[in-house]
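Asker: Please read through the structure below; I'll follow up with questions.
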Amino acid sequence: MIKIRTVALIGLSILLLMLCVSPVSAHKAFVGAFLTGDADDEVQIKAWYEGGVPMANAEVTIYTVEDGENEVYLEGVTDELGFYTFEPEYKVTDYSIKVEQTGHRAKMDLDLEGGVSTGSSGDELPLFARIIAGLGYLVGLAGIAMIYTAHRMRKDIESK
Amino acid sequence: MHISDGVLPLPVIAVGWIITIILLAVTLRWAGKHGDIAKEIPKLSVLTSAFFVASLIHIDIPPSSAHLILNGVLGIFLGPLCYVAMFIGLTLQALLFQHGGLTVIGINTLNIGIPGLISYFVFIAGFRRKIPLALLGGICCGLAVLLTVVCLVSVLVISGEEFVSVAGVLAVAHIPIMIVEAFIGGAVVGYIAKVKPELLPIPIKGGKDEDQN
Chain A
1 MIKIRTVALI
11 GLSILLLMLC
21 VSPVSAHKAF
31 VGAFLTGDAD
41 DEVQIKAWYE
51 GGVPMANAEV
61 TIYTVEDGEN
71 EVYLEGVTDE
81 LGFYTFEPEY
91 KVTDYSIKVE
101 QTGHRAKMDL
111 DLEGGVSTGS
121 SGDELPLFAR
131 IIAGLGYLVG
141 LAGIAMIYTA
151 HRMRKDIESK
Chain B
161 MHISDGVLPL
171 PVIAVGWIIT
181 IILLAVTLRW
191 AGKHGDIAKE
201 IPKLSVLTSA
211 FFVASLIHID
221 IPPSSAHLIL
231 NGVLGIFLGP
241 LCYVAMFIGL
251 TLQALLFQHG
261 GLTVIGINTL
271 NIGIPGLISY
281 FVFIAGFRRK
291 IPLALLGGIC
301 CGLAVLLTVV
311 CLVSVLVISG
321 EEFVSVAGVL
331 AVAHIPIMIV
341 EAFIGGAVVG
351 YIAKVKPELL
361 PIPIKGGKDE
371 DQN
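Chain order of the listed sequences is A and B. Following the numbering used here, the numbering of the first sequence begins with 1 at its first residue and continues without gaps. Following the numbering used here, the numbering of the second sequence begins with 161 at its first residue and continues without gaps.
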């Protein structure tokens with residue numbers, strides 16, 4: 001019979017292997033845009049997951065934004081590397097770009113005049129800091145729960 | 161697998177929240193009646209942390225990528241409290257990792273929590289049938305992932321025609337996760353059964369003596 005220890009070692013090594021082999025990353029989806037020329041030339045967008053994996057064959061929907069209204073302009077699919085190019089509509093400079101795949105979604109607003117794109121940007125804490133933050137919240141919640149139960153126990157004792 | 165904001169229609173999101181809130185209340189009451197929640201807090205925190213971090217470990221098979229869920233492990237070790245643990249874990253993941261979304265925490269907890277609860281029941285039933293613990297742990301964890309996929313696929317299919325192909329891709333992407341989690345579950349349960357069997361939700365017969373193989 002297979003010993004427990006062997007199974008445990010296999011399980012642990014699988015876990016460690018996965019940590020090494022697949023880059024540990026959260027799963028946010030991002031999309032960014034690059035202008036190949038000026039406001040009349042093609043625009044190229046790239047969609048990727050946090051960690052660098054491209055969103056290949058993902059659904060792209062491009063909306064033109066006129067007077068605050070979004071209208072579907074183009075629908076397409078990203079290529080193997082997560083890229084998609086499109087020609088802007090004549091004289092329209094504001095777009096909203098959405099890329100979706102298996103329940104993940106990335107959105108960005110593109111202003112051709114500004115030349116700079118705003119989007120689901122990555123200016124947040126680095127990943128490990130966010131992990132520590134999450135663990136901190138959990139410790140905090142546990143602490144509060146324990147204070148509460150200690151308080152309840154003391155009240156029980158006092159009322160006896 | 162976490163669904164993101166804005167993907168699901170409003171009725172599905174609403175139902176997800178309603179069921180989650182009901183289940184949170186039910187499982188909390190049930191846990192309170194059957195044991196001391198205060199004593200479970202350390203275990204709850206450790207396992208919620210593991211769950212929280214588990215979503216960062218993924219197995220990438222293009223075009224989709226899937227991550228570890230660990231709902232089986234949480235179900236076995238926490239019992240009814242696993243639902244609360246997963247709810248907290250999912251909220252933190254949505255807030256800190258933008259993993260999933262805030263509006264869909266209800267439905268995501270449902271998809272992951274119910275298989276966790278089922279895994280707990282299967283574990284207890286299997287123990288009564290004297291199935292060796294490590295094997296039972298593996299079965300429960302693999303089953304939990306399988307059920308999670310089933311729930312996910314159902315939710316996506318209910319949400320609309322356009323999701324059917326996505327659902328298929330998701331299901332296939334989770335097969336390696338099922339296998340890996342079965343191993344992890346088996347290993348963890350087997351190890352704990354030898355070292356600290358009080359953590360398992362079953363009446364232990366003396367601790368470290370028998371080899372449960």
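All residues carry an ideal CB built from backbone N, CA and C; glycine is no exception.
1) Assign Arg5 of chain A to one of two classes, buried (16 or more other C-beta atoms within 10 Å of its C-beta) or exposed (fewer than that).
2) Within 10 Å of its beta-carbon, does Gly122 of chain A have 16 or more other beta-carbons around it, so buried, or fewer, so exposed?
3) Using a Cβ cut-off of 8 Å (strictly closer), state whether Gly122 of chain A contacts chain B.
4) So, with DSSP's three-state summary, where would you put Met153 of chain A?
5) Report all residues from its chain with a CB closer than 8 Å to the CB of Arg105 of chain A; omit the five preceding and five following residues, and keep chain order.
6) Less than 7 Å between C-beta atoms, sequence neighbours within five positions excluded: which residues of the same chain meet that for Phe212 of chain B?
7) Within the chosen definition, does the region 259-271 of chain B reach the region 176-183 of chain B through at least 3 CB pairs nearer than 8 Å?
8) Can you list the residues of chain B that Leu74 of chain A reaches, using a CB-CB cut of under 7 Å?
9) Would you call the region 127-140 of chain A in contact with the region 199-216 of chain B, where contact means no fewer than 3 C-beta pairs closer than 8 Å?
10) Cutting at 8 Å between CB atoms, please list the residues of its own chain near Lys203 of chain B, excluding the five before and the five after it.
11) So Arg105 of chain A contacts chain B; which residues on that side make the cut at Cβ distance below 8 Å?
12) Using DSSP with H/G/I as helix, E/B as strand and the rest coil, what is Pro54 of chain A?
13) Distance check for Lys107 of chain A and Ser120 of chain A, CA to CA, integer angstroms please.
14) Under three-state DSSP, which class holds Arg5 of chain A?
15) So what does DSSP say about Gly108 of chain B, is it helix, strand or coil?
16) May I have a chain-ordered list of the alpha helix (DSSP H) segments no shorter than 4 residues that lie completely inside the region 206-266 of chain B?
17) Counting along the chain, where does the beta strand (DSSP E) carrying Ile362 of chain B start and finish?
18) Show which residues of chain B have a CB atom less than 8 Å away from the CB atom of Tyr63 of chain A.
19) Do Ile337 of chain B and Leu228 of chain B have their C-beta atoms within less than 8 Å of each other?
20) Since Val65 of chain A is in the alpha helix (DSSP H), which residue starts that stretch and which ends it?
21) Measuring CA to CA, which of A:Asp111, A:Glu158, A:Gln101 is closest to Val77 of chain A?
22) Can you give me the Cβ contacts of Leu184 of chain B inside the same chain, cut-off strictly under 7 Å, excluding the 5 residues immediately before and after it?
23) Does DSSP classify Tyr137 of chain A as helix, strand or coil?
24) Any beta-carbon of chain B closer than 8 Å to the one on Arg154 of chain A?
25) Do you know offhand how far Gly328 of chain B's Cα is from Ile344 of chain B's?
26) So Gly103 of chain A and Ser164 of chain B are supposed to be a Cβ contact under 8 Å. How far apart are they, rounded?
27) Report buried or exposed for Leu256 of chain B, applying the criterion of at least 16 other Cβ atoms within 10 angstroms of its Cβ.
28) Can you look up Lys160 of chain A in the DSSP assignment and give me helix, strand or coil?
29) Would a C-beta distance cut-off of 8 Å place Ile14 of chain A and Val315 of chain B closer than the cut-off?
30) When the Cα atoms are used, what is the spatial distance from Thr64 of chain A to Thr93 of chain A?
31) Determine, for Tyr95 of chain A, whether the minimum Cβ-Cβ distance to residues of chain B falls below 8 Å.
32) Mind pulling the chain A residues with CB within less than 8 Å of Ala331 of chain B?
33) In the structure shown, what three-state DSSP assignment does Tyr95 of chain A receive?
34) Can you tell me whether Leu81 of chain A is buried or exposed, with buried defined as 16 or more other CB within 10 angstroms of its CB?
35) Could you check what DSSP says for Pro171 of chain B in three-state terms: helix, strand or coil?
36) Just verifying my parser: in three-state terms, what is the DSSP assignment at Leu112 of chain A?
Answerer: For this structure:
1) exposed
2) For Gly122 of chain A, the predicted model reports a pLDDT of 49, less than 50, meaning its position is unreliable; a value from the coordinates is still stated below. Looking at its Cβ environment, which holds fewer than 16 other Cβ atoms inside 10 Å, Gly122 of chain A is exposed.
3) Here the model assigns Gly122 of chain A a pLDDT of 49, short of 50, so the residue's position is not dependable and the matter cannot be decided.
4) helix
5) Ala29, Lys98, Val99
6) Gly249, Leu252, Gln253
7) yes
8) Neighbours of Leu74 of chain A on chain B: none; closest Cβ ~17 Å, over 7 Å.
9) yes
10) Phe237, Leu238, Leu359
11) Ser164, Asp165, Gly166, Val167
12) strand
13) A caution first: Ser120 of chain A carries a pLDDT of 48, below 50, which makes its placement in the model unreliable, though a value can still be read off. So the alpha carbons of these two residues sit roughly 6 Å apart.
14) helix
15) Outside the displayed range of chain B (161 to 373) lies residue 108 of chain B, so it cannot be described from this structure.
16) 231-238, 242-257
17) Here Ile362 of chain B belongs to no beta strand (DSSP E), and DSSP marks it neither H nor E.
18) Residues of chain B passing the Cβ test: none, with the nearest at roughly 14 Å.
19) yes
20) That residue, Val65 of chain A, is in no alpha helix (DSSP H); its beta strand (DSSP E) goes 59-66.
21) A:Gln101
22) Tyr243, Val244, Phe247
23) helix
24) no
25) 25 Å
26) 5 Å
27) buried
28) coil
29) no
30) 8 Å
31) no
32) Going along chain A, no residue has its Cβ under 8 Å from Ala331 of chain B, so there is no contact; the nearest lies around 11 Å.
33) strand
34) exposed
35) helix
36) coil
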